[in-house]
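In terms of this note's numbering, the sequence shown is residues 72 to 147. Below: one structure, written as structure tokens.
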Amino acid sequence: MSNSCNIDPYGKKLRIVAGAFVEGIGLLLFVMWIFEMGPAWLVIPAGVLWASGMVMMTAGLLGRCPLRAMGVKTSC
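Okay, structure coming up:
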């Protein structure tokens, strides 16, 4: 199986920007949890959002969509 790029340049930029936004929200929630500005369970969505943002940015930087690589049709 080849390891070629399966995302066009627009999709790469979109994944990097969206991933940075999602990761930023996750970090904001984590900071709120650190300073006890929210409930204790806030650390769980913070971690999920941070990890999701990292996956999105990695996919954008590498040009490989994990879902497309597994054979999932992602376009209409």
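A virtual CB, placed ideally from N, CA and C, is assigned to each residue, including glycine.
Taken atom to atom, the span from the alpha-carbon of residue 131 to that of residue 87 is near 5 Å.
Judged by their CB atoms, residue 138 and residue 117 are not nearer to each other than the 9 Å cut-off. For residue 75, the secondary structure class from DSSP, reduced to helix, strand or coil, is coil. Contact check for residue 127 against residue 95 fails: the beta carbons are separated by 9 Å or more. For residue 80 and residue 134, the gap between their C-alpha atoms comes out near 8 Å.
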